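**Q** Structure below; questions to follow.
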Amino acid sequence: MLEQIQSLSRQYAADAVAARRHLHAHPELSFHEENTARFVAEQLTALGLSPQTGIANTGVVALIEGTLTPSSRVVGLRADMDALPITEANDVPYKSTVDGVMHACGHDVHTASLLGTARILNQLRDQFSGTVKLVFQPAEEKAPGGASLMIKDGVLENPRPAGMIGQHVAPNVPVGKIGFREGMYMASTDEIYMTIRGKGGHAAMPDNLVDPVLIASHIIVALQQIISRNRPPASPSVLSFGRFIANGVTNVIPNEVTIEGTFRCMNEEWREKGIVLAQKMAETMAEAMGGRCEFTRVKGYPFLKNHPELTRRLRTQTEAYMGRDNVVDLDLWMAGEDFAFYSQVVDSCFYRLGTRNETRGITAGVHTPTFDIDESALAIGPGLMAWLAVQELAKE
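The letter at position 29 of the sequence shown is residue 29 when you use UniProt numbering, and the numbering goes up by one with no holes.
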């Protein structure tokens, strides 16, 4: 079956590229993937499947049931569908036609690839047992995350998958290679918002003021102590602040300062403890300096853990499909990904599909206006995911 799947993946690659280009040219933001969901449902219906729509509003789910022998085993395959609020800078025939919206994280690729996987599996359903659950998910890019909402809507039930498999483009991995990492892989993502209030006035009379700029500066520096002195040494963490707004002028100190940042880690217990410590330090420091700090945490995605045994099995099967030299190790990555919600509920594996081609200048990272892929990856991704699904269904 391996060679048959590889052949079908190559055969249907042009269709996958066409689907990807259609989606790329017509991107939709998180929670607004109406046309994308309609396109996906139409493609699945054309295969003779019966897609269920409206899950988490714009999510689509379909089942492919193998007919070889009766089996209750189920595996889930997931693709995300939303785009980003970025203006595309690429000059390509499939450039985004929507001002200020772009598929800059490869979700068009994920969706097109899973549609290709569906086509392959549907054609081979008399050669495998069990059920493949196709999950086309909205809103990976925006909290609370489409994955969490689909789970609330029952995507992991009726039938419940024994495992979830997700695939994501990797612009740092050469096309033709696949990346895996067991265990901790991607970070939890929390947003931090602080408003430091004092008493503003003329900068020449600081003795009459409570300077929120000075207070805020001390707080930003002091909070790094939480990472260096309170964090468990074996637990990767990042605390970064990217927005600091004072809105004074050269001789006017404002009444308040606003700060925005992100806290990321790979341990849920430390995640909660770190937020408590950060809030206490910020509030008490502001009070000690005569001001006030309003601290708000917006809880994002949990950390993503790749189930070790499942990941090892998928890696072994990928080596069989791609060749051992084309399977690489991935480093820890402190970015966030809402596939993590699945990984907190069922055994899951999130691997990377290489899309980089330096010779052709395809090297831009995700979330940039020049992001693109080497589309030959779409001759690989659909077949590989089909192969992994069939092998997981065959597991006893």
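Using N, Cα and C, we set each Cβ at its ideal position, and we do this for glycine too. Keep in mind that this is a model prediction, so the values were computed, not measured.
1. Between which two residues does the beta strand (DSSP E) holding H168 run?
2. Note down, one range per segment and in chain order, each alpha helix (DSSP H) of at least 4 residues found wholly within the region 266–313.
3. Please report how far the alpha carbon of S240 lies from the alpha carbon of L23, in whole angstroms.
4. Give, in chain order, every unbroken run of the alpha helix (DSSP H) that is at least 4 residues long and sits entirely within the UniProt domain "Peptidase M20 dimerisation" (194–274).
5. Exposed or buried, K305, counting other C-beta atoms within 10 Å across all chains shown (16 or more means buried)?
6. Buried or exposed for M1, please, with buried defined as at least 16 other CB atoms from any protein chain shown within 10 angstroms of its CB.
7. Does DSSP put D15 in a helix, a strand or coil?
8. Just the Cα atoms here: how many angstroms apart are R271 and N122?
9. Closer than 6 Å by C-beta to D108: which residues in its own chain qualify, once you throw out the five before and the five after it? Chain order, please.
10. Hey, quick one: how far does the alpha helix (DSSP H) through M334 stretch, first residue to last?
11. According to the neighbour-count rule (16 or more other Cβ atoms, all chains shown, within 10 Å of its Cβ), is G106 buried or exposed?
12. Which two residues bound the contiguous alpha helix (DSSP H) that contains T53?
13. What does the Cβ neighbour count give for N267, buried or exposed, with the cut at 16 atoms within 10 Å?
14. If you draw a straight line from the C-alpha of A62 to the C-alpha of K133, how long is it?
15. In three-state terms, what does DSSP make of L29?
16. Out of curiosity, what's the CA-to-CA distance linking Q279 and R197?
17. Measuring straight from C-alpha to C-alpha, what distance separates I245 and P212?
18. Quick check: the Cα distance between V175 and A118, rounded to an integer number of angstroms?
19. Once the 5 residues before and after G365 are set aside, which same chain residues still bring their CB inside 8 Å of it?
20. Looking at the strands, I want to know which residues DSSP matches up with E191.
21. One question on the structure: do A143 and G383 come within less than 7 Å of each other, judged by their Cβ atoms?
22. Considering only C-alpha positions, which residue in the set V238, R297 and I165 is nearest to L353?
23. Residues in the same chain with beta-carbon distance under 7 Å from G100, minus the five sequence neighbours each way, listed in chain order, please.
24. Counting C-beta neighbours from all protein chains within 10 Å, is the total for D207 16 or more, i.e. buried, or is it exposed?
25. Kindly list the residues whose CB is nearer than 6 Å to the CB of V95, restricted to its own chain and excluding five residues on each side of it in sequence; keep chain order.
26. With a threshold of 16 other CB atoms inside 10 Å of the CB of S50, please say whether the residue is buried or exposed.
27. In three-state DSSP terms, what is R384?
28. For E287, does the count of other Cβ atoms within 10 angstroms reach 16, so buried, or fall short, so exposed?
29. Go ahead and label N35 buried or exposed: buried means 16 or more other beta carbons lie within 10 angstroms of its beta carbon, across all protein chains shown.
30. By the 10 Å Cβ neighbour count, where 16 or more other Cβ atoms means buried, how is M289 classified, buried or exposed?
31. Return the first residue and the last residue of the beta strand (DSSP E) that F39 is part of.
32. So, is G242 buried or exposed, given that buried needs 16 or more other C-beta atoms within 10 angstroms?
33. Residue range of the beta strand (DSSP E) that G66 falls in?
34. Could you check where the alpha helix (DSSP H) with Q123 kicks off and where it finishes?
35. Suppose the cutoff is 6 Å on Cβ atoms and the five residues either side in sequence are ignored; what does the same chain contact list for G116 look like?
36. For A216, which residues from the same chain have a beta carbon less than 8 Å from its beta carbon, with the 5 sequence-adjacent residues on both sides left out?
**A** So, to answer that:
1. Indexing the sequence shown from 1 puts residue 168 at position 168. Note, H168: beta strand (DSSP E), G163 to P174.
2. DSSP runs (the alpha helix (DSSP H)) wholly in the region 266–313: 268–288.
3. Translated into the one-based positions of the sequence shown, residue 240 becomes position 240. Translated into the one-based positions of the sequence shown, residue 23 becomes position 23. The straight-line gap separating the alpha-carbon atoms of S240 and L23 is approximately 34 Å.
4. 212–225
5. To locate residue 305, count along the sequence shown from 1; it is residue 305. Buried, since its Cβ has 16 or more Cβ neighbours within 10 Å.
6. Sequence index remark: in the sequence shown, residue 1 carries index 1 (1-based). The C-beta of M1 has fewer than 16 other C-beta atoms within 10 Å across all chains shown, which makes the residue exposed.
7. As a first step, residue 15 must be located in the sequence shown, where it is residue number 15. Helix, per DSSP.
8. For this step, residue 271 is matched to residue 271 along the sequence shown. For this step, residue 122 is matched to residue 122 along the sequence shown. Each residue's alpha carbon lies about 42 Å from the other.
9. By 1-based counting over the sequence shown, the position of residue 108 is 108. Here the set comprises R20, L23 and H24.
10. Taking the first residue of the sequence shown as 1, we reach residue 334 at position 334. Unbroken run through M334: none, as it is neither H nor E.
11. Here residue 106 corresponds to residue number 106 of the sequence shown, with the count starting at 1. It is buried - the Cβ of G106 has at least 16 other Cβ atoms within 10 Å.
12. Counting from 1 along the sequence shown, the entry for residue 53 is found at position 53. Annotation for T53: no alpha helix (DSSP H) segment contains it, though the beta strand (DSSP E) segment containing it runs Q52 to I55.
13. Taking the first residue of the sequence shown as 1, we reach residue 267 at position 267. With 16 or more other Cβ atoms within 10 Å, it is buried.
14. Walking along the sequence shown from the start, residue 62 turns up at place 62. Walking along the sequence shown from the start, residue 133 turns up at place 133. If you take the alpha carbons of A62 and K133, they lie about 6 Å apart.
15. Here residue 29 is taken as the residue at index 29 of the sequence shown, counted from 1. Looking at L29 - three-state DSSP - the assignment turns out to be strand.
16. Translated into positions along the sequence shown, residue 279 becomes position 279. Translated into positions along the sequence shown, residue 197 becomes position 197. One C-alpha to the other measures close to 15 Å.
17. The sequence position of residue 245 within the sequence shown is 245, counting from 1. The sequence position of residue 212 within the sequence shown is 212, counting from 1. Taking the straight line from one Cα to the other gives about 11 Å.
18. Sequence index remark: in the sequence shown, residue 175 carries index 175 (1-based). Sequence index remark: in the sequence shown, residue 118 carries index 118 (1-based). One C-alpha to the other measures close to 22 Å.
19. Start at 1 with the first residue of the sequence shown, and residue 365 comes out as number 365. P171, N172 and F371, listed in sequence order.
20. The sequence position of residue 191 within the sequence shown is 191, counting from 1. The secondary-structure analysis by DSSP pairs E191 across a beta bridge with T262 and V298.
21. For the purposes of this step, residue 143 is taken as the residue at position 143 of the sequence shown. For the purposes of this step, residue 383 is taken as the residue at position 383 of the sequence shown. Cβ atoms of A143 and G383: not closer than 7 Å.
22. On the sequence shown, residue 353 is found 353 positions in, with the first residue counted as 1. The shortest Cα separation from L353 among V238, R297 and I165 belongs to I165.
23. In the sequence shown, residue 100 corresponds to position 100, counting from 1. Once the five neighbours on either side are set aside, the close Cβ partners of G100 are P85 and T87.
24. Stepping through the sequence shown from its first residue, residue 207 is reached at position 207. The residue is exposed, with fewer than 16 neighbouring Cβ atoms inside 10 Å.
25. Stepping through the sequence shown from its first residue, residue 95 is reached at position 95. Strictly speaking, residue 95 in this sequence is Lys, with Val absent from that position. Taken in chain order, the residues that qualify are E88.
26. Numbered from its first residue, the sequence shown carries residue 50 at position 50. Looking at its Cβ environment, which holds fewer than 16 other Cβ atoms inside 10 Å, S50 is exposed.
27. The count along the sequence shown starts at 1 and reaches residue 384 at position 384. As written in the sequence, residue 384 is Leu, which differs from the Arg given in the question. Helix at L384.
28. For the purposes of this step, residue 287 is identified with residue 287 of the sequence shown, where counting begins at 1. Per the 10 Å Cβ criterion, exposed.
29. Mapped onto the sequence shown, residue 35 falls at position 35. With fewer than 16 Cβ atoms within 10 Å of its Cβ, N35 is classed as exposed.
30. Counting from 1 along the sequence shown, the entry for residue 289 is found at position 289. So M289 counts as buried.
31. Working through the sequence shown from its first residue, we reach residue 39 at position 39. No beta strand (DSSP E) contains F39, which is instead part of the alpha helix (DSSP H) from E34 to A46.
32. Working through the sequence shown from its first residue, we reach residue 242 at position 242. Classification for G242: exposed.
33. In the sequence shown, counting from the first residue as 1, residue 66 sits at position 66. Per DSSP, G66 belongs to no beta strand (DSSP E) and is neither H nor E.
34. Numbered from 1 along the sequence shown, position 123 holds the residue referred to as residue 123. Taken as a continuous stretch (DSSP letters only), the alpha helix (DSSP H) holding Q123 covers H107 to Q123.
35. For the purposes of this step, residue 116 is taken as residue 116 along the sequence shown, with counting starting at 1. Taken in chain order, the residues that qualify are Y12, A16 and P382.
36. Sequence index remark: in the sequence shown, residue 216 carries index 216 (1-based). Within the same chain, A216 has close Cβ partners M194, I196, F244, A246, V257 and I259.
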